[in-house]
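Report on the structure given below.
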Amino acid sequence: MTIYNKLISLSMLLLSSQLFADVVLPKIIDSSMILQRDAKVPVWGWADQGEKVTVQFAGQTKTALPNQKGKWMIELDPLKASSVGRPMTISGKNSLKLDDILVGEVWLASGQSNMEWTFAQSNKQEFEYAKTFADNKQIRFFHVEHHLQSGIPLDDTLGRWKLPAEFINQSHMVSAVGFYFAAKLHTELKVPVAILDSNWGGMRIDCFISEEGYKSQNLPLRKHPYVSNPAQRMTRLQKMNDSLKQALVAEKKGIKLPYIEDRLNGWAENFIYNAMIAPLTPYAIKGSIWYQGESNRGDQKYFEKLKALSYGWSKAFRVKDIPLYQVQIAPFDYTRGQNPKDHTLSDTIWKAQYRAAKEVPGIGIVPIHDTNINIKDIHPQHKRPVGERLAALALNKNYGKSNNASAPEFASAKSAKGKVIVNFKNLKSSLTTFDGKDLSHFELSADGKNFVAAKAVIKGKTVEVSSPAISAPKFVRMGWSDIAIPNLSEKSGWPVYAFPAQKIK
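Here is the structure:
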């Protein structure tokens, strides 16, 4: 973190520790925000104790008094979607006027680098499509602009609301997947759409889970103590502030000075949640999209952590069984060619993702292995189909659209005259291959451990699998290795989910 960012973080900490002569708002409550329609909408901030705070918006007037820590909160009654910018007035001893506030749909986009990847880092033709939205003021992002960490949940973060005219013209700013998701929702629903954009590349799911989420699954949360004594905090903050100011002055003269880095807020394994997600809560949202898992490859507890993520976010954002739509992690050669049959990713992350989508209310998953994946690049370049597939799932599950928003999956396998017939469920039309080639990545086994490549042929809505190397196969699987890109797909639909060893009846 730069000295500038440290100074800002420090000022935030000082702000949360002092009495407020004026009404103060968190970064997310600001002009140009989009509020969630058809839901109670929290608006909050800080003021002196005993100071009556009044919030006026869209014909509603709500009042609140700060609690012992100076925090106040009101809830606006459910609002209808509105594409017309309206003002909000928040007054106490002072008066704040926020402008150009819309009402529509709000989603959280979070994860590691594949969610964080911007237009500048992804496919250029897709970016040309994004540019057609440059003047569209109905899509907006609250972008957490810096990688921040804390051992305790913070009251505010570093971020601001951005419109396409800014973040598309400066292509390095926001999540490309998040944008294409928002653009698809806006196009289909004809209402404003906001994305709360909070990501950190290379980070494990563990960092994004709330403490309540950890507790819900009895997962251990590693953390170190923070300084809780108010007087000690102020003294140490002041010393850090003085030290940073001296370093900043010296830096302008080309002189490099040490400065005090005092972790008053301690450290915790969920440091991203504490500094980059918690400060956004309880902003009213519809749901979340999640693109993470590469850094947890090999993690046998990933399913429990997905449950913990869902539980914690549901509680924090006050959304029962929060929609949490995950991207199936793309195939990638993690062993750099040393082990082509490696299935560490599939046995841990894919397995957990599939299970969560079946067993945890609100969780869904979209496959992306048909989007021109390069197994030598851990960052797939095509982000538009990923965002739009996530949007299709949301449109189907949350907005009642009767679109084809599911992937066929394994149903059963049986022996028939020396061959294996594989049946699928969630299949709405006939099968095909998305690349026009023969079926790939089907395998058979006599013991469920040692598999051989098999010939596979589409027969209507089934697949016929055989291999002269195994006369009596007992197990079949498809695409179950970290570099496999099986090409079986539904016509005019999504690719078929890969599947691990399945018994043949």
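Going by the working numbering, the first residue of the sequence shown is number 334, and it counts up by one from there. The C-beta atom is built at its ideal place from N, Cα and C for all residues, glycine as well. Predicted, not measured: the structure shown is a model, and the values here were computed from it.
- Within the same chain, V560, D595, L597 come within 7 angstroms of R569 by CB-CB distance, once the 5 residues on both sides are set aside.
- Of all C-beta pairs linking the segment 726-746 to the segment 629-641, fewer than three are shorter than 8 angstroms, placing the two stretches out of contact.
- By the CB criterion at 7 angstroms, V510 and K716 fall inside the cutoff.
- The segment 422-439 makes no contact with the segment 453-469, as fewer than three CB pairs between them are under 8 angstroms.
- Inter-residue distance for S800 and Y687 is about 28 angstroms (C-alpha atoms, whole angstroms).
- Considering only V374, T394, P399, the residue with the shortest C-alpha distance to G383 is P399.
- Residue nearest to L552 within the set L777, Q633, K464 is Q633 (criterion: CA-CA distance).
- When the five nearest sequence neighbours on each side are left out, the beta carbons in the same chain lying within less than 6 angstroms of the beta carbon of A725 are those of N736, A738, in order along the chain.
- The closest CA to that of T765, considering only N820, L728, S814, G781, is found on N820.
- Sequence-distant partners of V790 (beyond 5 residues in either direction) whose C-beta falls short of 6 angstroms from its own C-beta, in its chain, are E797.
- Beta bridge pairing from DSSP links T394 with Q389.
- Pairing I706 with Q661 gives a Cβ-Cβ distance that is not under 7 angstroms.
- The C-beta of V582 has fewer than 16 other C-beta atoms within 10 Å across all chains shown, which makes the residue exposed.
- Judged by DSSP secondary structure, N783 falls outside any alpha helix (DSSP H); it is assigned neither H nor E.
- According to the DSSP assignment, S531 belongs to no alpha helix (DSSP H) but to the beta strand (DSSP E) extending over 526-532.
- For G697, the enclosing beta strand (DSSP E) starts and ends at 696-699.
- Taken in chain order, the complete beta strand (DSSP E) segments of 3 residues or longer contained in the segment 576-650 are 620-624.
- With a contact defined as Cβ atoms closer than 8 angstroms, A689 and Q835 miss out at about 19 angstroms.
- Counting other Cβ atoms within 10 Å of its Cβ, A498 stays below 16 and is therefore classed as exposed.
- Where R493 is concerned, there is no enclosing alpha helix (DSSP H), although the beta strand (DSSP E) around it starts and stops at 492-495.
- The closest CA to that of Y635, considering only K585, A515, A467, I682, is found on I682.
- With respect to the C-alpha of D575, the residue from G626, I593, G418 having the closest C-alpha is I593.
- In the three-state reduction of the DSSP assignment, W440 falls in the strand class, which pools E and B.
- In the same chain as P694, and ignoring 5 residues on each side of it, the C-beta atoms closer than 7 angstroms to its own belong to D654, in chain order.
- In this structure, S508 and A608 do not form a Cβ contact; the two beta carbons are roughly 18 angstroms apart against a cut-off of 8 angstroms.
- One Cα belongs to R419, the other to I434, and the distance between them is close to 5 angstroms.
- Residues S508, N532, W533, G534 of the same chain have their beta carbon placed closer than 8 angstroms to that of E449, with the five preceding and five following residues left out of the count.
- In this structure, the straight-line span from the alpha carbon of V785 to that of S443 is close to 38 angstroms.
- In the displayed model, Y547 falls within a helix according to three-state DSSP.
- Note: G378 is bridge-paired with W405 in the DSSP secondary-structure output.
- Residue state for Q835 is assigned as strand, using DSSP reduced to three classes.
- Burial is judged here by how many other beta carbons sit within 10 angstroms of a residue's own beta carbon; I588 has fewer than 16 and is exposed.
- Annotated three-state conformation of H519 is helix, per DSSP.
- Rounded to the nearest whole angstrom, the CA to CA distance from K619 to G720 is 16 angstroms.
- Membership of S446 in the alpha helix (DSSP H) is indicated by the continuous run 446-449.
- Y658: member of the beta strand (DSSP E) spanning 657-660, first to last residue.
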